[in-house]
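See structure below.
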Amino acid sequence: MDKIVIKGAQLHKKGADIGDMISSLEEPKEAIEVRLPIHASDFSVYGDQVLAGLKVWVKAKEDRGLSLVEPNYEGVRINFDLPEVKGWCLLRKSLHDPIMPLNVEVTKGKCETILQMMAAFLDGYTDIGEI
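Under my numbering, the residues of the sequence shown are numbered 1163 to 1293, in order.
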């Protein structure tokens, strides 16, 4: 909170405000959340395996417009910078429930493009629900 107040004071001296800081950010064209059920008995361990596998999968595709956002303490966040779609997704574990929420936002293209790519990755995991 202190950092926000300090930044607000600095901006005020320049004749600006906090709104000016975020005015250049793009609004998402489309956003979606999918909650994927985990069917494994130890859903936390299984979720960790899925997230570890996702990191490996993304690193193998970095030259094709996918990149990991690191550090990320929520799960695995991926930026997509492809000709047909620009956006990101975040796959994470629920702390208490046997689900993995997948959030997707795009500024160009459709969320469906990212969902299809994520579905292709998740096809290798039999104890998680389909997208």
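No residue lacks a Cβ here, since even glycine has one placed at the ideal position from N, Cα and C.
Starting from the Cα of residue i, find the closest Cα among the options and give me that residue.
i, options, result
"Lys1270", "Ala1171, Lys1191, Val1167, Glu1224", "Lys1191"
"Glu1296", "Arg1254, Asp1225, Leu1230, Glu1224", "Shown here, the chain extends from 1163 to 1293; a query on residue 1296 therefore has no answer."
"Cys1273", "Lys1217, Asp1164, Ile1293", "Ile1293"
"Val1268", "Lys1175, Leu1230, Glu1189", "Glu1189"
Excluding sequence positions up to five away, which residues of its chain have a Cβ less than 8 Å from the Cβ of residue i?
i, result
"Glu1195", "Pro1263, Leu1264, Asn1265, Val1266"
"Met1183", "Lys1169, Leu1173"
Within the same chain, show all residues whose beta-carbon is closer than 7 Å to that of residue i, passing over the 5 residues directly before and after it, in chain order.
i, result
"Pro1260", "Pro1199, Ile1200, Phe1205"
"Ile1243", "One detail in the question is off: residue 1243 reads as Asp in this sequence, not Ile. Same-chain partners within the cutoff: Gly1227."
"Ala1202", "Tyr1208, Asp1289"
"Val1212", "Met1262, Tyr1287, Ile1290"
"Glu1246", "Gly1271, Thr1275"
"Phe1283", "Leu1216, Trp1219"
With DSSP as the reference, please indicate the residues paired to residue i in a beta bridge.
i, result
"Cys1273", "DSSP output for Cys1273 lists no bridge partner at all."
"Arg1197", "Pro1263"
"Gly1248", "The question names Gly, yet the displayed sequence has Lys at residue 1248. Paired residues: Asp1243, Lys1270."
"Ile1290", "Ile1200"
"Ser1229", "Asn1241"
So, helix, strand or coil for residue i, using DSSP?
i, result
"Glu1192", "strand"
"Ile1240", "strand"
"Ile1180", "helix"
"Leu1257", "coil"
Expressed to the nearest angstrom, what Euclidean distance is found between the alpha-carbon atoms of residue i and residue j?
i, j, result
"Lys1221", "Glu1232", "12 Å"
"Gly1249", "Asp1210", "24 Å"
"Leu1252", "Glu1224", "16 Å"
"Lys1165", "Val1238", "27 Å"
"Gly1177", "Asp1285", "53 Å"
"Ser1256", "Ser1229", "23 Å"
"Met1279", "Ala1171", "44 Å"
"Val1167", "Asp1179", "11 Å"
"Ile1240", "Gly1181", "27 Å"
Following a CB-centred definition, is residue i positioned closer than 6 Å to any heavy atom of the ligand NAP?
i, result
"Lys1169", "You won't find the ligand NAP in this model; it holds no ligand whatsoever."
Starting from the C-beta of residue i, find all residues in its chain whose C-beta is less than 6 Å away, skip the five residues before and the five after it, and write them out in chain order.
i, result
"Leu1277", "Ile1293"
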